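Undergrad: Protein chains in written order, with our numbering: chain S, 1 to 388; chain Z, 389 to 464; chain U, 465 to 659.
Glycine is no exception: its CB is placed at the ideal position from the N, C-alpha and C atoms.
All of these numbers come straight from a predicted model, not from anything done at the bench.
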Amino acid sequence: MKLLSGPDLSLGPERLAAHVQRLGPLPQGGHALVEVLVRSGLTGRGGAAFPVGLKWRVVAAASRGSAVVIVNGAEGEPHSKKDRLLMASRPHLVIDGALLAAASVHAREIVLCIGEGHHAARRSMSEAVAERADHERRMMRIVAAPARYVAGDSSATVHLVDAGVATPTTTPPPPRERGVGGAATLVQNVETLAHVALIARTGVATGTLLITVAGSVRAPGVYEVNAGTTLGEAVQLAGGTSSPARAVLLGGYFGQWIESGAAWSLPIDPHALRDRGLSLGCGVIGVLPTSHCPVCEVAGIMRFLASESSAQCGPCFFGLRALADACTRIAERGTDPGDLQRLQRWSAEVQGRGACKHPDGAVMFLRSAMKTFEDDFAQHPAHQRRSA
Amino acid sequence: MTKQLELVVDRIKCDGRGLCAEILPELIRLDSWGYPIVAPGPILDHLVGLAERAVDDCPVLAIALRRTQAPKAKAR
Amino acid sequence: MSNQLLWYTTRGAGAVSLVLLSAVVVLGILSVLRIQTAGWPRFLTVGLHRNLALMTLVFLALHIVTAVVDPFTHLGWLAAVVPFSSYYRTFWLGLGTIAFELLLAIVVTSLVRGLIGQVAWRLVHWLTYASWPVAVVHGVGTGTDAWSAWLFALQAACVVAVLAAIGYRLMAGSRDPLANARSSFQSAVDRRETR
């Protein structure tokens with residue numbers, strides 16, 4: 001059984017009746033489900049890939065009957081579309097997952113955080129909530145998340161729900177111990193909860209994952225693939241490359257660059273990737289064609305990440321801006337050994353020195369780019385900035 | 389016996405005033421933008437007094453002393 | 465104790481208190497402005513600010529005690545804590561009591577800042593801008609020799625120094641380099657009305 005099984009996606013959201021007829025009624029949440037999740041090996045699909053069962057155990061233990069579940073559907077990653085697709089087409093899978101989570105961590109409240117720009121997703125989820133039984137509907141409410149990159153950070157969603165402002169907060173204590181209103185809070189990605197809804201019915205992991213293929217492929221979009229499918233096979237699913245590929249960015253803007261030759265054989269599987277020091281992150285697979293200058297591309301993404309800093313921590317705001325400016329100088333005016341040194345020095349100064357993971361993600365993205373495109377960075381000619 | 393204390397900076401409260409680095413240059417230096425970089429690890433006994441002063445003098449209470457924690461599994 | 469001695473001590477301690485308090489206010493402003501030079505580190509501003517504030521309380525205590533025990537004024541101890549409760553120069557003395565109590569609140573909250581937290585501390589600290597002018601007006605109104613040359617010059621110098629510091633502060637704007645970016649990001653992601 002797959003997440004996207006069922007009626008054709010073009011038919012819009014699957015209604016409750018059809019959902020129940022296809023999959024059966026909502027199973028029981030609770031301690032038993034937590035153990036099933038631990039055994040299934042399910043890891044979070046929001047980017048951090050933390051084991052879901054373990055997370056639920058911790059929140060359940062910290063809960064005093066008034067825990068809160070936040071469904072993270074902010075999806076602020078520019079190229080990622082899987083979460084909004086799930087919400088727009090299979091809202092009841094997501095809601096089932098949320099209700100199961102609430103039962104398992106002893107929560108009385110579910111907040112559905114949906115990105116402001118995801119209108120179809122919002123409409124679909126709102127209608128789906130209205131279809132549910134009274135006691136389920138009463139627990140849930142929808143909160144619109146601003147369309148900013150850091151709005152999807154766990155502590156930012158908690159802050160948004162708690163205080164109305166979507167900025168990350170200092171994390172000891174973490175949301176799972178003290179979140180909304182001081183209560184233990186479980187923040188879980190939309191896709192993760194959809195997996196839970198299926199695992200609760202079958203007892204085993206779905207064995208599939210959602211990825212968004214973007215960049216120079218013929219049919220970019222969301223695809224559900226079996227775990228272990230290679231990147232090359234996934235790209236074939238997306239119509240194959242539309243022009244020769246230089247490299248793949250795996251995991252979105254906080255991800256890693258891999259030379260296309262080495263990329264195609266990589267398995268799309270969180271555990272296998274982790275063994276290779278890589279991560280699927282938010283599931284975006286970006287294909288960079290040879291026709292695009294990687295240095296210019298990286299500079300554009302660094303400028304974006306710098307502009308998305310919440311400006312709460314000096315090292316992040318100033319550091320990412322300095323790194324982005326240096327990348328842009330290399331992109332526009334050509335390589336300068338001073339800039340290369342500055343990139344190394346500032347990366348070391350910025351890493352780990354923000355309240356959230358935004359600067360870390362950006363620095364690791366840049367480091368991976370400088371390693372994979374070492375020659376391009378070392379010998380970049382001056383040329384006009386291409387639109388990134 | 390060493391007290392196993394470490395300095396922790398609240399990155400959001402910190403606004404780069406720099407007093408901590410003036411008071412305890414042995415352990416704290418400022419980065420390229422004026423924000424503190426704290427040397428990792430427990431504080432040596434003879435520096436604990438200065439560390440306490442750095443904590444007291446911070447105009448925004450952004451730096452604190454706490455017991456070194458056992459390394460936790462990364463959970464996000 | 466000779467009345468003259470008590471009286472001179474009251475006035476002298478009062479004058480010193482005013483000078484110290486004015487210096488404390490100026491140093492507080494310099495601290496916010498992050499003033500620093502090669503020879504004058506920031507912790508010196510903060511340290512002096514704190515130590516002079518404590519010294520101000522010492523001289524204030526001397527000023528108040530000598531005023532109360534002076535038989536000429538007929539002040540009871542009550543007048544030191546309840547504003548406008550004295551028969552002797554009721555209004556001007558009352559102002560002094562107010563200024564003193566505000567300062568006491570400021571100093572005590574500063575001593576326990578770790579316990580009450582930054583926000584509460586800061587709110588009380590703003591009372592400085594009430595305490596200082598009230599103290600100045602008290603000095604001008606109460607002193608028998610308020611218009612003697614030396615005291616007048618002293619008070620004028622204090623007022624000029626503090627007003628100059630305040631003026632400079634108002635013109636300088638925030639010294640926090642993140643202030644603008646932080647507040648514009650906050651307003652972009654603030655959803656408090658629509659919740």
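(1) With a 10 Å radius around its C-beta and 16 neighbouring C-beta atoms as the bar for buried, classify U:Met635 as buried or exposed.
(2) Nearest-angstrom Cα distance between S:Ala32 and S:Gly53?
(3) 8 Å is my cut-off, CB to CB: does S:Gly164 come that close to chain Z?
(4) Residues of the region 393-412 of chain Z with a CB closer than 9 Å to any CB of chain S: list them in chain order, please.
(5) What would DSSP say about S:Pro256, mapped onto helix, strand or coil?
(6) Can you tell me the Cα-Cα spacing of U:Gly631 and U:Ala617, whole angstroms?
(7) With distances taken between CB atoms, is the gap from S:Arg148 to U:Ala652 smaller than 8 Å?
(8) Can you give me the Cβ contacts of S:Val217 inside the same chain, cut-off strictly under 8 Å, excluding the 5 residues immediately before and after it?
(9) In the DSSP assignment, find the unbroken beta strand (DSSP E) run with S:Ile199 in it and report its ends.
(10) Can you confirm whether the region 496-516 of chain U touches the region 472-488 of chain U when touching is taken to mean that 3 or more C-beta pairs between the two stretches lie within less than 8 Å?
(11) In terms of alpha-carbon separation, which member of S:His383, S:Ile199 and S:Ile285 lies closest to S:Thr229?
(12) Determine which residues of the region 414-428 of chain Z have a Cβ less than 8 Å from any Cβ of chain S, and write them out in chain order.
(13) How about S:Lys82 and S:Glu191: do their beta carbons lie closer than 8 Å?
(14) For S:Ala166 and S:Leu193, I'd like the C-alpha separation in whole angstroms.
(15) Have a look at the DSSP bridge pairing and note the partners of Z:Leu418.
(16) How would you list, in chain order, the residues of chain U whose beta-carbon sits under 9 Å from the beta-carbon of S:Pro146?
(17) Grouping DSSP H, G and I as helix and E and B as strand, with all else coil, what is Z:Val397?
(18) Using 8 Å as the Cβ pair cut-off and three pairs as the minimum, do the region 359-379 of chain S and the region 298-308 of chain S touch?
(19) Out of S:Leu3, S:Ala103, S:Glu75 and S:Ala62, which one is the CA nearest neighbour of S:Val34?
(20) Identify whether S:Pro267 lies in helix, strand or coil by the three-state DSSP scheme.
(21) For S:Ile110 and S:Ile211, I'd like the C-alpha separation in whole angstroms.
(22) Which residues in chain Z sit within 9 Å of S:Gly314, going by Cβ to Cβ distance?
(23) Does any residue of chain U bring its CB to less than 8 Å from the CB of S:Ser310?
(24) Identify, in the order they occur along the chain, each residue of the same chain with its Cβ nearer than 6 Å to the Cβ of S:Ala263, setting aside the five sequence neighbours on each side.
(25) Suppose you measure from the CA of U:Phe649 to the CA of S:Ala311; what does that come to, to the nearest Å?
(26) Spell out whether any CB of chain U is found under 8 Å from the CB atom of S:Leu160.
(27) Quick check on Z:Arg455: does DSSP put it in helix, strand or coil?
(28) If you run the structure through DSSP and keep just helix, strand and coil, what is S:Ala145?
TA: Reading from the atomic positions:
(1) The residue given as residue 635 of chain U occupies position 171 in the third sequence. Label assigned to U:Met635: exposed.
(2) Taking the first residue of the first sequence as position 1, residue 32 of chain S is located at position 32. Taking the first residue of the first sequence as position 1, residue 53 of chain S is located at position 53. Taking the straight line joining both Cα atoms gives about 10 Å.
(3) Mapped onto the first sequence, residue 164 of chain S falls at position 164. Judged by the 8 Å Cβ criterion, S:Gly164 is not in contact with chain Z.
(4) Within the region 393-412 of chain Z, the residues whose Cβ lies closer than 9 Å to some Cβ of chain S are Val396, Val397, Asp398, Arg399, Ile400, Lys401, Cys402, Asp403 and Gly404, listed in chain order.
(5) The residue you call residue 256 of chain S lines up with position 256 of the first sequence. Note that residue 256 of chain S is Gln in the sequence shown here, rather than Pro. S:Gln256 falls in the strand class under three-state DSSP.
(6) The residue labelled residue 631 of chain U in the question sits at position 167 within the third sequence. The residue labelled residue 617 of chain U in the question sits at position 153 within the third sequence. Going from the Cα of U:Gly631 to the Cα of U:Ala617 covers about 21 Å.
(7) Working through the first sequence from its first residue, we reach residue 148 of chain S at position 148. Working through the third sequence from its first residue, we reach residue 652 of chain U at position 188. Yes, these two residues count as a Cβ contact at 8 Å.
(8) Walking along the first sequence from the start, residue 217 of chain S turns up at place 217. Hits under 8 Å: Val235, Ala238, Gly239, Gly240, Thr241, Ser242 and Val287.
(9) Here residue 199 of chain S corresponds to residue number 199 of the first sequence, with the count starting at 1. Unbroken run through S:Ile199 is the alpha helix (DSSP H), Val190 to Thr202; no beta strand (DSSP E).
(10) yes
(11) Here residue 229 of chain S corresponds to residue number 229 of the first sequence, with the count starting at 1. For the residues S:His383, S:Ile199 and S:Ile285, the minimum Cα distance to S:Thr229 belongs to S:Ile285.
(12) Asp419, Ser420, Trp421, Gly422, Tyr423 and Ile425
(13) By one-based count along the first sequence, residue 82 of chain S stands at place 82. By one-based count along the first sequence, residue 191 of chain S stands at place 191. In this structure, S:Glu191 lies closer than 8 Å to S:Lys82 by Cβ.
(14) Start at 1 with the first residue of the first sequence, and residue 166 of chain S comes out as number 166. Start at 1 with the first residue of the first sequence, and residue 193 of chain S comes out as number 193. Each residue's Cα considered, the two are about 22 Å apart.
(15) Position 30 of the second sequence, counting from 1, holds the residue named residue 418 of chain Z. DSSP lists Z:Pro424 as partners of Z:Leu418.
(16) Along the first sequence, one-based indexing puts residue 146 of chain S at 146. Residues of chain U passing the Cβ test: Ala652, Val653, Asp654 and Arg655.
(17) Here residue 397 of chain Z corresponds to residue number 9 of the second sequence, with the count starting at 1. Looking at Z:Val397 - three-state DSSP - the assignment turns out to be strand.
(18) yes
(19) Within the first sequence, the letter at position 34 stands for residue 34 of chain S. Selected option, being the one with the closest Cα: S:Ala103.
(20) Sequence index remark: in the first sequence, residue 267 of chain S carries index 267 (1-based). In this structure, S:Pro267 counts as strand in the three-state DSSP scheme.
(21) Sequence index remark: in the first sequence, residue 110 of chain S carries index 110 (1-based). Sequence index remark: in the first sequence, residue 211 of chain S carries index 211 (1-based). Rounded to whole angstroms, S:Ile110 to S:Ile211 spans 26 Å at the Cα level.
(22) Position 314 of the first sequence, counted from the start, is the residue given in the question as residue 314 of chain S. Within chain Z, the residues near S:Gly314 are Arg399, Cys402, Asp403, Gly404, Asp419, Trp421, Gly422 and Tyr423.
(23) Position 310 of the first sequence, counted from the start, is the residue given in the question as residue 310 of chain S. Yes, S:Ser310 lies at the interface with chain U (some Cβ there is under 8 Å from its Cβ).
(24) The residue labelled residue 263 of chain S in the question sits at position 263 within the first sequence. Only Leu231 and Val248 meet the Cβ criterion.
(25) Along the third sequence, read from residue 1 onward, the residue named residue 649 of chain U stands at position 185. Along the first sequence, read from residue 1 onward, the residue named residue 311 of chain S stands at position 311. Rounded to the nearest angstrom, the two C-alpha atoms are 7 Å apart.
(26) Residue numbering aside, residue 160 of chain S sits at position 160 when the first sequence is read from its first letter. Closer than 8 Å to some Cβ of chain U, the Cβ of S:Leu160 qualifies, so yes.
(27) If you number the second sequence from 1, residue 455 of chain Z lands on position 67. In the structure shown, Z:Arg455 sits in a strand (DSSP, three-state: E or B).
(28) Against the first sequence, residue 145 of chain S aligns to sequence position 145. Three-state result, S:Ala145: strand.
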